[in-house]
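As structure tokens, the structure follows; a few thoughts come after it.
Protein chains in written order, with this note's numbering: chain G, 153 to 497; chain U, 65 to 723.
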């Protein structure tokens, strides 16, 4: 059974008269890769900053388990991240959205410098630097100034700086932002490697489709509230009972294609989306719908370019959740208006 | 130690930033060298002087010649006043002298030389005026000296002449006195002369003479009688002594007879003499009478003369008195030297320091100025480079105290500036012969304190602002304020009293003046201890401010809450907020008013209906019952806005009344 390493209870945060985090409750378990997903401005970075004790919430408490600190042997003791911030910093490493290192210092100099801030001994520091350079594939660039590194190498250097003191917890805020898919894959591989060494990882991202492959558990944030927390499969099960048929055809007369006449198939179609370059059909019975689609394709003399049947991705689930939340809000507003009108009458 | 590691990192980054290095490190060194060479002289400024003279007189020429003789002046003639003024405006000359047409030294005449100067050269104009005026004054003084000398010579000669005359007058007066005395004497004698003729009655002598003659005859008779008797006696006596006796009586008798004869003759003679005498006496009487008349006349004349002499004496006395008065006045003149009259008060400007070069005087000000600008700009640059660097965030994720980072910035800047100052001092000593090692101990302490103080001021600026441009502008502005509120550009005494009082607190003024005292005047600890105390206080205050502002800056960086807002009153707790449907939180009635003005009527109706007033409920929750009552009956947005405005105005009025 996994033990929580972070406990977040009733945390709310306000910035400039706007609630950025609204009564967040969360637990992060030791050894897991915990993802926080949400749209831009949903409060992800704020939550991570509160976790490390940078920001103080208006309400609530954030605590961490002191098991990992040598002087505290009792595993059940949780201490406030704000009161014991220095101790927390010794066991937490953070890589923010923007890589954080000195651009006019070399890779080695950066690692050495940040290592000294953790009071590491010279031997430990040298050993860690060597290990990290190898881990982050920065061999050959040790003596190059950071500003001359490529984007991916800079990101890796940033992570290396966050890991220089061999932290028990690593917090990553949008670690793959502005990176191409190859580099993003590389970074995720690194994250897995680091996690395999026993480091708990908390990461925030809006690349939901990648997180679902990486994270043990994911929390979905929307407008400061946690909509759901669970494993990717749990979230999929919970928020989507449909599968998706992705159909790409030539010449691509998707308007006509959407107009399915098979009544049997229509019963099982939840939604059809014309994406412009393909059609996405949400259905609980993909096989029945597919049969109907084949007939339609034949009728319209369309050629299949690409066809796949998948479960919805987290992206889609997230969008659905967001849209449904908005729809719900609109519905509530309309209801309220109707009530008022009735009262007036 | 972490501090030194972070300092080392800062130095490394600084060394790798060529622009920063160039601007902040080498720039000041170059400036200092240039300043040193520029001011390392004792000579006065070279002045171009224009002059205008329509009718040149000898005096004009002598003045112009005197100006030309000065190697620091370049004298240029101008055809007219307007053109001369134009030359000043064009910068061709520094000053213009307008000589009057009839420029000469004459009786009851004042000569006015008009100077035109460019007042906008505020830091130079008085030097120009002073230099030329002193030259003009010198020439004028020489003329005055000459004329005064002449005057004094005349006075002196007059005095000598007077003295001689006085002697003569005294002698004359003495003579007059003598004369007067003698005349008085004569007058006295004359008046005492008894010229009363006396009548000599010779007839009166006849009687007595006859008597005498008769008597004599009687005598003769008696005598003869006696003799006869005697003879008789003698004869009676007989011989011896008696015989003698007879002889004697005989002799006597003959003598007597002789005598009687003589006497008779004499008496006759006497009688005739007496007659003659009487005649003479009569004549004399007559003469006496004449003399008496003459005497009377003479006495009158003498009297007149005596009076005249008295008057003369009085005049002589007056003259003497006048001459004496004049002499006394001349003698009473305290100043008899022409130089003393022309220049009754001379000034000798004695330097209070043995230093002679301009550089030695200006060096303390420039050295501290360099320290001001380098320290402020360097420390603020280090901080802003750090703040704007990518690594700034990561430093906060490490278990390193804020004080460590603050100290490392301080040490970095301090160390760099110190190296620069040592270098500047070495250059100044070897190449510019600046005397900097007098009072070395206190000077060193002062320089260290100055570097520390201005470094901390720069750190405050660095933590306050968030962009390099703002930091640079602020650093230059602060440095400029220090510079302008000091003696370096214009004397503080020429500024308003308010500015002068403000300038007393200017750390640049305090430190530069103190450095001057130490290096130029070689002041002791007793003389400067109070200044050091002020600097120590400044250091403590600056350090406290650095820590406070660094903390606020960190909060600003992390929470994006501006420093100004951090200083404002604490916001209410979140459970007292009112959350609008658009997600905005209302924390106070001020926020409510602000949002009401922005929201539509339709939105307003979502919170306020006939049956409920969410804003009223919220205010009651926040225990603002007064305001809640006021807005209770407001059913429209406009009414509520008015009610809130009125409430706000009432509060303002109450506050004003309380004040």
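Glycine included, each C-beta is placed from N, C-alpha and C at the ideal position. What you are looking at is a predicted structure, and each value in this text was computed from that prediction instead of being measured.
Residue range of the alpha helix (DSSP H) that includes residue i
| i | result |
| --- | --- |
| residue 258 of chain G | First-last for residue 258 of chain G: undefined, no H or E at that position. |
| residue 479 of chain U | 466 to 495 |
| residue 559 of chain U | From DSSP, residue 559 of chain U is part of no alpha helix (DSSP H); its letter is neither H nor E. |
| residue 526 of chain U | 504 to 528 |
| residue 463 of chain U | Segment: none, residue 463 of chain U is in no alpha helix (DSSP H) and carries neither H nor E. |
| residue 578 of chain U | 571 to 583 |
Contacts that residue i makes with chain U (C-beta to C-beta distance below 7 Å)
| i | result |
| --- | --- |
| residue 251 of chain G | 454 |
| residue 196 of chain G | The premise fails here: residue 196 of chain G is roughly 15 Å from chain U at the closest Cβ pair, so nothing lies under 7 Å. |
| residue 242 of chain G | 463 |
| residue 313 of chain G | 458 |
| residue 238 of chain G | 463 |
Closest residue to residue i among the options (Cα-Cα distance)
| i | options | result |
| --- | --- | --- |
| residue 80 of chain U | G:255, G:362 and G:336 | G:255 |
| residue 351 of chain G | G:194, G:193, G:314 and G:177 | G:314 |
| residue 180 of chain U | U:540, U:143, U:128 and U:115 | U:115 |
| residue 216 of chain G | G:192, G:195 and G:243 | G:243 |
| residue 125 of chain U | U:154, U:161 and U:156 | U:161 |
| residue 493 of chain G | U:435, U:233 and U:666 | U:666 |
| residue 375 of chain U | U:241, U:275 and U:507 | U:241 |
| residue 255 of chain U | U:642, U:355 and U:671 | U:355 |
| residue 450 of chain G | G:417, G:408, G:469 and G:490 | G:408 |
| residue 68 of chain U | G:410, G:278, G:324 and G:268 | G:268 |
| residue 427 of chain G | G:439, G:410, G:440 and G:443 | G:410 |
| residue 712 of chain U | U:691, U:396 and U:389 | U:691 |
| residue 325 of chain G | G:356, G:331 and G:188 | G:356 |
| residue 86 of chain U | U:229, U:338, U:480 and U:197 | U:480 |
| residue 724 of chain U | G:161, G:170 and G:154 | The question about residue 724 of chain U has no answer here: the residues shown for chain U are numbered 65 through 723. |
Residues near residue i in its chain [Cβ-Cβ closer than 6 Å; skip 5 each side]
| i | result |
| --- | --- |
| residue 448 of chain U | 526, 532 and 535 |
| residue 166 of chain G | 210 |
| residue 179 of chain G | 156 and 159 |
| residue 522 of chain U | 439, 440, 443 and 444 |
| residue 259 of chain G | 290, 293, 294 and 309 |
Interface partners of residue i on chain U, CB under 8 Å
| i | result |
| --- | --- |
| residue 270 of chain G | 462 and 463 |
| residue 201 of chain G | 622 |
Chain C within 7 Å of residue i, Cβ atoms only
| i | result |
| --- | --- |
| residue 358 of chain U | Looking for chain C here will not work: the only protein chains present are G and U. |
Own chain residues within Cβ distance below 8 Å of residue i, not counting five before or after
| i | result |
| --- | --- |
| residue 342 of chain G | 287, 288, 308 and 311 |
| residue 223 of chain G | Any reading at residue 223 of chain G needs caution, since the residue's pLDDT is 47, under 50, leaving its predicted position unreliable; the model's value is listed next. Closer than 8 Å at the Cβ level, and outside the excluded window around residue 223 of chain G, lies no residue. |
Per-residue contacts from residue i into chain G (C-beta, under 9 Å)
| i | result |
| --- | --- |
| residue 82 of chain U | What residue 82 of chain U touches in chain G: nothing, since even the nearest Cβ is about 10 Å away. |
| residue 480 of chain U | Under the 9 Å cutoff, chain G gives no residues; its nearest Cβ is about 16 Å from residue 480 of chain U. |
Contacts around residue i, its chain only, beta-carbon distance under 7 Å, and the 5 residues preceding and following it disregarded
| i | result |
| --- | --- |
| residue 402 of chain U | 209, 212, 213 and 216 |
| residue 234 of chain G | 205 and 208 |
| residue 65 of chain U | none |
Contact under 7 Å by Cβ, residue i with residue j
| i | j | result |
| --- | --- | --- |
| residue 131 of chain U | residue 140 of chain U | no |
| residue 454 of chain U | residue 253 of chain G | yes |
| residue 423 of chain G | residue 400 of chain G | no |
| residue 434 of chain G | residue 396 of chain G | yes |
| residue 277 of chain U | residue 334 of chain U | no |
| residue 660 of chain U | residue 701 of chain U | yes |
| residue 446 of chain U | residue 476 of chain U | yes |
Neighbour list for residue i in chain G, Cβ cutoff strictly below 7 Å
| i | result |
| --- | --- |
| residue 539 of chain U | Within chain G, no residue comes near residue 539 of chain U; the closest Cβ sits about 22 Å away, beyond 7 Å. |
| residue 457 of chain U | 248 and 252 |
| residue 73 of chain U | 265 |
| residue 623 of chain U | 207 |
| residue 66 of chain U | 268 and 269 |
Range covered by the beta strand (DSSP E) that runs through residue i
| i | result |
| --- | --- |
| residue 367 of chain G | Unbroken run through residue 367 of chain G: none, as it is neither H nor E. |
| residue 698 of chain U | Run containing residue 698 of chain U: none; DSSP gives neither H nor E here. |
| residue 170 of chain G | 170 to 181 |
| residue 426 of chain G | 421 to 426 |
Amino acids of chain G, ordered along the chain, whose beta-carbon sits closer than 8 Å to that of residue i
| i | result |
| --- | --- |
| residue 647 of chain U | 170, 171 and 375 |
| residue 471 of chain U | Per Cβ cutoff of 8 Å: no residues; residue 471 of chain U is ~14 Å from chain G at best. |
| residue 651 of chain U | 169 |
| residue 448 of chain U | Under the 8 Å cutoff, chain G gives no residues; its nearest Cβ is about 15 Å from residue 448 of chain U. |
Near the ligand ZN: residue i beta-carbon under 6 Å from a heavy atom
| i | result |
| --- | --- |
| residue 319 of chain U | The model depicted lacks the ligand ZN and carries no ligand whatsoever. |
Residues that residue i contacts on chain U, provided the C-beta gap is smaller than 9 Å
| i | result |
| --- | --- |
| residue 257 of chain G | 73, 76, 77, 80 and 455 |
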